[in-house]
Amino acid sequence: MQLRTIDTLREPVRLAAGLTPGKVLDDEAMERGLGAIRRFGERLRGFRPEQVRAVATNTLRVARNAQKFVQEAQVALGFPIEVIAGVEEARLIYIGTSHEAPAVSGNRLVIDVGGGSSEFIIGKGYEPKLLESLYIGCVSHSIRFFPNGAIDPHAFKEAELAARREVQVIKGRFSKSGWNQVIGSSGTARALSDLIADNKLNGSGEKSTLDPLDNSGAGVITLQGLKGLKKRLLDFDHIDRVNLINLKDDRRPVLPGGLSIMLAIFDELEIERMEVSDAALRVGVLYDLLGRTQHDDMRFVTVEQFMQRYAVDREQAHRLGMLAADFLAQLPKPNHESRTDNLALLG
Numbered sequence: 008m009q010l011r012t013i014d015t016l017r018e019p020v021r022l023a024a025g026l027t028p029g030k031v032l033d034d035e036a037m038e039r040g041l042g043a044i045r046r047f048g049e050r051l052r053g054f055r056p057e058q059v060r061a062v063a064t065n066t067l068r069v070a071r072n073a074q075k076f077v078q079e080a081q082v083a084l085g086f087p088i089e090v091i092a093g094v095e096e097a098r099l100i101y102i103g104t105s106h107e108a109p110a111v112s113g114n115r116l117v118i119d120v121g122g123g124s125s126e127f128i129i130g131k132g133y134e135p136k137l138l139e140s141l142y143i144g145c146v147s148h149s150i151r152f153f154p155n156g157a158i159d160p161h162a163f164k165e166a167e168l169a170a171r172r173e174v175q176v177i178k179g180r181f182s183k184s185g186w187n188q189v190i191g192s193s194g195t196a197r198a199l200s201d202l203i204a205d206n207k208l209n210g211s212g213e214k215s216t217l218d219p220l221d222n223s224g225a226g227v228i229t230l231q232g233l234k235g236l237k238k239r240l241l242d243f244d245h246i247d248r249v250n251l252i253n254l255k256d257d258r259r260p261v262l263p264g265g266l267s268i269m270l271a272i273f274d275e276l277e278i279e280r281m282e283v284s285d286a287a288l289r290v291g292v293l294y295d296l297l298g299r300t301q302h303d304d305m306r307f308v309t310v311e312q313f314m315q316r317y318a319v320d321r322e323q324a325h326r327l328g329m330l331a332a333d334f335l336a337q338l339p340k341p342n343h344e345s346r347t348d349n350l351a352l353l354g
């Protein structure tokens, strides 16, 4: 089963940049987000509810006023918006990446550095085995360590150390599982691989197995390339003055944070080479949605796999599901589709 893209609409909003120190989304960020969602809503007119799934990730997991934003956003979009947990985000990322990548023997490690969080998944074939989400992202890291775009070696070192401390939490379990291939997904990995290739920092002979027809070296990130990019970046004292071939305006403000996180990941997990996939969360959501319409819901498949692996007490799990369903029945009733979906998830 393969997806074919007919049309896409993308608007960088960077909600995480609007989070105050008190974890409140400011008005400007909320309006940026709502404006984009209104335009998405116009494009989605005529779609049936079962044809659309909208998910929100880290920023709306942590924002104290997330509920207010989601309520307004759902009206603007015309469809429900689900704030998903970090491990659910990781699961969907793996589904998207694994469906679009060639088969590989053994385990695959997928890493997705987002704006406010980073997801790490080890899986085999289409099955995720280990799922983790860490609160480090290119937007939040850039704001914290490179305020107003200022760059200096000390700040970069501190940014790397902070990211390494986060990755150390998962290092033991992930290293124990091992992997035969490393894939980076989403914007940070793609932006770094393009910059490294365009500025000839990878060395010669690098070629992605995910896109064998591309001989440019794009689609590959090496430790050598990341270190070369860091050296070039630290030649400048402000992000606005950074002179790199094909550095895009929307990536410029978050480059220091994204690069420092990726270097920390490579160092802690002892990665030498990563291939980059354009498939990630959005593609995973589509495959997951397609599975539901064909009565092959990947959520149930994943839950069943985890139940078997961790020897879950099925009778107790069933009792808890019944109790949760009873609680659900006492809540204000959502629309029919989401109510049916929620009850199905509770078993």
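8 is the number of the first residue of the sequence shown in our numbering; add one for each residue after it.
Positions of the beta carbon are idealized from the N, C-alpha and C atoms, including for glycine.
Decide if the region 258-271 is in contact with the region 154-172; the criterion is three or more beta carbon pairs, one per stretch, under 8 Å apart. Contact between the region 258-271 and the region 154-172 is established, with three or more Cβ pairs separated by less than 8 Å.
Where DSSP assigns a beta bridge to R115, which residues make up the other side? Within the sequence shown, the letter at position 108 stands for residue 115. According to the DSSP secondary-structure assignment, R115 is paired through a beta bridge with G130, Q188.
How would you write the range of the alpha helix (DSSP H) that A198 sits in, first residue to last? Translated into the one-based positions of the sequence shown, residue 198 becomes position 191. Unbroken alpha helix (DSSP H) run through A198: 193-205.
Where D33 and L51 are concerned, what is the direct C-alpha to C-alpha distance, given to the nearest angstrom? One-based indexing of the sequence shown puts residue 33 at position 26. One-based indexing of the sequence shown puts residue 51 at position 44. Rounded to whole angstroms, D33 to L51 spans 27 Å at the Cα level.
Just mark W186 as buried or exposed, buried being the case when its beta carbon has 16 or more other beta carbons within 10 Å. The count along the sequence shown starts at 1 and reaches residue 186 at position 179. The residue is buried, with at least 16 neighbouring Cβ atoms inside 10 Å.
Beta-carbon proximity of P28 to A61, cut-off 8 Å: As a working mapping, residue 28 is identified with position 21 in the sequence shown. As a working mapping, residue 61 is identified with position 54 in the sequence shown. Against a cut-off of 8 Å, the Cβ pair of A61 and P28 comes out as no contact.
Is M37 buried or exposed, if buried means 16 or more other CB atoms sit within 10 Å of its CB? Stepping through the sequence shown from its first residue, residue 37 is reached at position 30. By the neighbour-count rule (16 or more Cβ atoms within 10 Å), M37 is buried.
Same chain only: Cβ atoms within 6 Å of E139, ignoring 5 sequence neighbours per side: Mapped onto the sequence shown, residue 139 falls at position 132. Counting only Cβ-Cβ distances below 6 Å, and skipping sequence neighbours, we find F127, I177.
Report the start-end ranges of each alpha helix (DSSP H) in the region 136-169 that is 4 residues or longer and not cut off at the edges. Segments of the alpha helix (DSSP H) lying fully in the region 136-169: 145-152.
Using C-beta distances below 7 Å, list every residue in its chain close to A43, excluding the 5 sequence neighbours before and after it, in chain order. For the purposes of this step, residue 43 is identified with residue 36 of the sequence shown, where counting begins at 1. Correct list, in chain order: E18, V20.
Can you name, in chain order, every residue of its own chain whose Cβ lies under 6 Å from the Cβ of T64, other than the five neighbours on each side? Taking the sequence shown and counting its residues from 1, the one referred to as residue 64 is at position 57. Sequence-distant Cβ neighbours of T64 in its own chain, meaning closer than 6 Å and more than five residues away, are E96.
CB contact flag (S355, K136, <8 Å): The first residue shown for the chain is 8 and the last is 354, placing residue 355 beyond what the model contains.
Mind checking whether A287 and S192 have CB atoms under 8 Å apart? For the purposes of this step, residue 287 is identified with residue 280 of the sequence shown, where counting begins at 1. For the purposes of this step, residue 192 is identified with residue 185 of the sequence shown, where counting begins at 1. Closer than 8 Å, so yes.
Just confirm the distance between the C-beta atoms of N250 and L202, as a whole number of angstroms; I'd bet it's less than 8 Å. Within the sequence shown, the letter at position 243 stands for residue 250. Within the sequence shown, the letter at position 195 stands for residue 202. Not quite, the Cβ-Cβ distance comes to about 12 Å (not below 8 Å), so this is no contact.
Which residues share a DSSP beta bridge with E282? Here the question's residue 282 lines up with position 275 in the sequence shown. Here E282 is bridged, per DSSP, to I190, V227.
To which residues does DSSP link E89 through a beta bridge? Counting from 1 along the sequence shown, the entry for residue 89 is found at position 82. Beta-bridge analysis with DSSP links E89 to V62.
Three-state class that DSSP yields for L327 in the structure shown: Here residue 327 is taken as the residue at index 320 of the sequence shown, counted from 1. Here DSSP, grouped into helix, strand and coil, assigns L327 to helix.
From P160, K238, T229, Q337, residue whose alpha carbon lies closest to that of E277: Translated into positions along the sequence shown, residue 277 becomes position 270. Checked all of P160, K238, T229, Q337; the closest Cα to E277 is T229.
Leaving aside the five residues before and after L16 along the sequence, list all residues of the same chain whose C-beta is less than 6 Å from its C-beta, in chain order. Along the sequence shown, one-based indexing puts residue 16 at 9. Cβ neighbours of L16 beyond the five flanking positions: R50.
Taking the C-alpha atoms as reference points, what is the distance between L297 and R98? Taking the first residue of the sequence shown as position 1, residue 297 is located at position 290. Taking the first residue of the sequence shown as position 1, residue 98 is located at position 91. Using only the alpha carbons, I get a separation of about 15 Å.
Alpha-carbon to alpha-carbon, R280 and V2: Here the chain covers residues 8 to 354 and nothing more, so residue 2 does not appear.
Among G53, V69, F181, whose alpha-carbon lies nearest the alpha-carbon of L26? By 1-based counting over the sequence shown, the position of residue 26 is 19. Considering only alpha carbons, the answer is V69.
Closest to G153 by CA distance: which of A196, R180, A24 is it? Translated into positions along the sequence shown, residue 153 becomes position 146. The amino acid occupying residue 153 in the given sequence is Phe; Gly does not appear at that position. It is A24.
Tell me where the alpha helix (DSSP H) around A80 begins and ends. On the sequence shown, residue 80 is found 73 positions in, with the first residue counted as 1. Counting along the chain, the alpha helix (DSSP H) containing A80 begins and ends at 73-84.
Any idea what DSSP makes of L288, helix, strand or coil? Counted from its first residue, the sequence shown places residue 288 at position 281. Judged by DSSP in its simplified three-state form, L288 adopts helix.
Alpha carbon to alpha carbon, how far is R11 from S125? By one-based count along the sequence shown, residue 11 stands at place 4. By one-based count along the sequence shown, residue 125 stands at place 118. Their Cα atoms are separated by approximately 27 Å.
Residues that DSSP places opposite S125 in a beta bridge: Walking along the sequence shown from the start, residue 125 turns up at place 118. BP columns for S125 point to V120, L141.
Cutoff 6 Å; reference V1; Cβ partners in own chain excluding five residues on either side: The displayed coordinates of the chain run from 8 to 354. Any statement about residue 1 would go beyond what the structure contains.
For L276, which of helix, strand or coil comes out of DSSP? Reading the sequence shown from its first residue, position 269 is the one you call residue 276. Helix at L276.
Quick one: residues in its chain with C-beta nearer than 6 Å to the C-beta of K238, no 5 flanking neighbours on either side, listed in chain order? Within the sequence shown, numbered from 1, the residue matching residue 238 stands at position 231. Same-chain partners within the cutoff: there are none.
Leaving out five residues on either side along the sequence, give the residues of the same chain with a beta carbon under 7 Å from the beta carbon of S112. Counted from its first residue, the sequence shown places residue 112 at position 105. The residues are N187.
For L233, which of helix, strand or coil comes out of DSSP? As a first step, residue 233 is located in the sequence shown; it is residue number 226 there, counting from the start. DSSP, reduced to helix, strand and coil, places L233 within a helical segment of the structure shown.
For the alpha helix (DSSP H) holding G40, just list the boundary residues, first then last. For the purposes of this step, residue 40 is taken as the residue at position 33 of the sequence shown. Unbroken alpha helix (DSSP H) run through G40: 34-50.
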